Structures are given as structure tokens and as C-alpha cells.
Amino acid sequence: QKTETLVYQLASTICQESAAANTEEELQIKKILTTSTVYLVPEIPHTQVNCHDYGSISPFHPVLAPILEKIPEIDLVILIAAGGLKVRFIDNRLSIPKLSGQKMSGNSPQGAMFGGAGTEADQSTMAAIMEANRTGLKPPTMQLAELYVTKHSQMKQASLWLFQANDAGMFQNYLDVCSNGLTPKPVIGVFQWSPYNWRAPDAILVQVACCYEQRGTGNILAENRNSLFAILEKRTVGVSGEVITTQGEKLANANLTITPVAGTRGQTIHLQTGPSGFFFQQLDEGLYSQLDEGLYSVTVQSDGFDTQKLEFTVKNGNSPILEFVLHRPFTLSGTKLLLAILVAFGMMAIVFYSLYNSFESWKWASKHEGFERVPLSDLGLGDDSEDEILDFRQIKN
-7 QKTETLVYQL
3 ASTICQESAA
13 ANTEEELQIK
23 KILTTSTVYL
33 VPEIPHTQVN
43 CHDYGSISPF
53 HPVLAPILEK
63 IPEIDLVILI
73 AAGGLKVRFI
83 DNRLSIPKLS
93 GQKMSGNSPQ
103 GAMFGGAGTE
113 ADQSTMAAIM
123 EANRTGLKPP
133 TMQLAELYVT
143 KHSQMKQASL
153 WLFQANDAGM
163 FQNYLDVCSN
173 GLTPKPVIGV
183 FQWSPYNWRA
193 PDAILVQVAC
203 CYEQRGTGNI
213 LAENRNSLFA
223 ILEKRTVGVS
233 GEVITTQGEK
243 LANANLTITP
253 VAGTRGQTIH
263 LQTGPSGFFF
273 QQLDEGLYSQ
283 LDEGLYSVTV
293 QSDGFDTQKL
303 EFTVKNGNSP
313 ILEFVLHRPF
323 TLSGTKLLLA
333 ILVAFGMMAI
343 VFYSLYNSFE
353 SWKWASKHEG
363 FERVPLSDLG
373 LGDDSEDEIL
383 DFRQIKN
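Residues in the sequence shown are numbered consecutively from -7, following our numbering.
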């Protein structure tokens, strides 16, 4: 009931505030809806009646699979539940060490921290998070989980928990205020999808209330609205665009490589255009590739076209839309090559003919140098006047 009410209230807020753009939140919602589409599902089949904690979100697979089949462009799923005040994320780009099959003690805080299972899987996921913190190479969904906590006053004010792990550095997290001392659970953790044969999306499980809370649902949206809108906006900060030919045709299956430059954090991302020529991630088009702020270089390649490369900048709240026009390399067929040779010979013949005429004119002018043209009036042709010539004509007649 608490989570269903929250989603209904969230839908009402988005619909009401999207029509205006006066307050900061209204501008934020308008920006979200300008660059993305939000699907809200307040009620799902097989709703859990009893409040409980979650050691996995794989049971949501039967609910999500048909939705993703109908709307394949969905690239992030946010699940809202009770059972704690914490966030769990799934991101396939997080490198999780393989399991050896050994089990840990379920009574230790480290063994029970990520789901209460007390297995080596908990230790493995914990090590992956610590490594991402140490290197700074945090996958996008992990960044969204951290952003959610920083915008949530109750989660952020929980007691700070530190764990020292050999050479992995200091990993810090907050403890869930709903967990007890025997099984402490951090506010931020990671889950994995079970190996279903499907396109597993990035996902975030947000637990917004403790099971023992008897209060109403009116304040849950107020506690979570800043976090929800923050991660929805952050998700759209990235790059998108299309690749076309010089004839305006949408170019499918073009490969894009996005690389951080000039100290920008992040890893190299490989994208590919779909049938409509738009960038897409994994198997579906129209998805954003979430990027940190900074300078990036993108290279576009496609069979039969020249490679293009440019740089772009990602700023806070800004999602660059790029357009690439690929040119085919200049090639000559046999017929075109023969025609080009004939044209070249013809032009050379014209040039040589012009040079020859110029040279002959110069030679003629050189031979007659020194001669002077004499007017006919000075040639002494006799003293016959015009009148005499007229008289001669009269005599002849």
C-alpha cells in the first residue's frame, strides 16, 4: 500500500508540474520529459502483502519481461519497495569476481551485509563495489544509487560504516537504519540478475520505509521526490544522435566509440546505430549512454564510408545530440577511369596547342622586328586626282 500510493502520487506530480515551468522542480520535470519517457506501473501482479527485506530482485523478472517486450526502449527500471531505507542497484558493467563455492560465516557483519545470505556472493559483490570506489570507475547505475542517497535526508543521516579490506582501500557506506545490530546492512549495495535468457536492464531497487513503521504514506513522497527526480534527470545526461549519409539516408549498424579525454572520468563506450540510424546501447535503439561531465572524443565508422571523429562536451543537465553525415570514399570504376584519362589527355592537348600558337606568334614577331609600316598616301602612285578617274569612266562609257 505504501509503495503503490507513492507511485500514484508521483504520477500525479509529474502530470501537474510538467505543464508549468516556474519552480526548480517543474523545470527539472520538464527537462526529464523532453529527453526521455517515464512509464509508471503503480500496481503489479502478485503484490507482496507482507512487508519484508529483499535479498534479490530476480523475482521481479516475470513482471518486467513482458513490459520490456512491449516497450524495448526502456533502459532503466526503478523498483520501489518497503523493508528498509536503502538502495540496491544492478549494472552489468560492474566487474564482480567469480565465486569459488566457499561459504562465509553468516554471523559476521561482512557475511550478512548484502542480503543476509551469508554466502561468498555477498563478499564478491562487496569487493566489486570497493574496487569501483578505489579506481573511480563507477558504472552509471552505481552513480545513480549514490546520487539517490545523497538527496535522501534519512538515508544520508544514517550512521557511517567503514570497512577496511587489505589493499582495496577504505570503503565507506551508511548503515540502513531499519536493520538490527546482528545483521547490519549498508544503504548502498549491489544485486545481480539470475541468468535468465532475456535482455536484462539496469535496475535500482529503492526501499523507502521500514517494515515496523506504522505511520501513513503521506510523507514518503516528500522524503523521496528529490532523489527520484535527481536520478531521472541524471540518467538523461549523456549523448544521443543519428548517423546519415550525404543523400540523407539513415545509416544502420554504424559503430561509435566514445572515449573520455582531458582527464574526464569514465571508460570507453561502444555504441551502434539501429535501423533508424540512431545511437543505441546493447540491443535496442533510442537509449542514452549516460556520461559524466567532461570532454569526450567520438569516432564513427561504417563499412563503405569514411571515418569521422569529433569532440563534444557533456555539462550538468545537458545531453548533446550529435548528427554525423558520412561520405563515401572517392573511387573510380573502369569506365570512369578511362573517361577521366581521355579528359585529361584532351585538356593537355588544348594546353600544348595554346602554348604552340603562342610560341609561333612570338617567333613571327621576332623575324619582322625593325620593319616599319608606311602609309599608302606616301607611296607616290601618281598625280591622278579623283576628277580624272571620273572622267576616265565617262570616256569608257
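A virtual CB, placed ideally from N, CA and C, is assigned to each residue, including glycine. The structure displayed is predicted, hence computed values, not measured ones.
Can you tell me which of the three DSSP states residue i falls into?
i	result
Phe183	coil
Arg320	coil
Ala11	coil
Pro193	coil
Tyr140	helix
Phe304	strand
Asn99	Reliability fails at Asn99, whose pLDDT of 35 lies under 50, so the model's placement of it is uncertain and no value is given.
Pro51	helix
Leu263	strand
Ala3	helix
Thr(-5)	helix
Ile59	helix
Thr29	coil
Arg257	coil
Pro132	helix
Arg85	coil
Asn211	coil
Tyr46	coil
Leu224	helix
Val229	coil
Thr327	helix
Leu334	helix
Tyr348	helix
Leu283	coil
Gln146	helix
Quick one: residues in its chain with C-beta nearer than 6 Å to the C-beta of residue i, no 5 flanking neighbours on either side, listed in chain order?
i	result
Asn218	Lys143
Asn247	Gln264, Gln293
Gly233	Phe271, Ile313, Leu314, Glu315
Thr260	Thr251
Thr5	none
Ala3	Leu32
Leu224	Ile24
Ser100	The pLDDT assigned to Ser100 is 39, lower than 50, so where the model puts this residue is not dependable; a value taken from the coordinates is nonetheless given after this. If we look at Ser100 and ignore the five residues flanking it on each side, it has no Cβ neighbours.
Quick check: what's the CA-CA separation for residue i versus residue j?
i	j	result
Gly255	Gln20	28 Å
Ser350	Val343	11 Å
Lys299	Thr291	The identity of residue 299 in the sequence shown is Thr, whereas the question assumes Lys. Looking at the two C-alpha atoms, the distance is approximately 7 Å.
Leu329	Pro321	15 Å
Val55	Ile36	7 Å
Leu197	Lys242	37 Å
Ala201	Asn216	10 Å
Ala57	Thr327	56 Å
Ser289	Val231	12 Å
Thr117	Ala124	11 Å
Ser28	Thr127	30 Å
Leu136	Arg257	15 Å
Ala195	Ile70	6 Å
Met147	Ile66	27 Å
Ser48	Cys7	32 Å
Ile82	Ser50	10 Å
Ser392	Thr(-5)	Only positions -7 to 389 of the chain appear in this structure, which leaves residue 392 out of reach.
Leu220	Ala192	22 Å
Leu60	Val30	13 Å
Gly338	Ser353	23 Å
Pro132	Ile63	21 Å
Gly296	Gly240	16 Å
Thr228	Ser171	33 Å
Ala73	Val(-1)	11 Å
Thr249	Lys301	9 Å
Just to confirm my understanding: we take residue i, look at its own chain, exclude 5 residues before and 5 after, and list those with CB closer than 8 Å. What are they?
i	result
Thr15	Glu9
Ala120	Leu86, Ser87, Ile88, Pro89, Val182
Asn158	Residue placement at Asn158 is flagged as unreliable, the pLDDT there being 40, under the threshold of 50; the coordinate-derived value follows with that caveat. No residues qualify anywhere along the chain.
His53	Trp185, Ser186, Tyr188, Trp190
Thr392	For the chain, the structure presents residues -7 to 389; residue 392 sits outside this window and is missing.
Val141	Val79, Met147, Lys148, Tyr166, Val179, Ile180, Ser219
Lys226	Gln135, Leu136, Leu139, Gln282
What does DSSP give as the partner residue(s) for residue i in the beta ladder?
i	result
Glu234	Phe270, Glu315
Gln199	Ala73, Lys78
Tyr288	Pro252, Phe304
Pro37	Beta-bridge pairing links Pro37 to no other residue.
Lys242	Ile236
Asn247	Gln264, Gln293
Leu68	Asp194
Leu167	Pro178
So, at 7 Å on beta carbons, what are the nonlocal neighbours of residue i in its own chain, with the 5 sequence-adjacent residues on each side left out?
i	result
Gly75	Cys43, His44, Asp45, Tyr46, Gln199, Cys203
Lys130	Ala124
Gly269	Glu234, Val235, Ile236, Lys242, Leu243, Ala244
Gln1	Leu213
Nearest chain B C-beta to residue i closer than 8 Å, yes or no?
i	result
Val30	The structure shown contains no chain B, having only a single protein chain.
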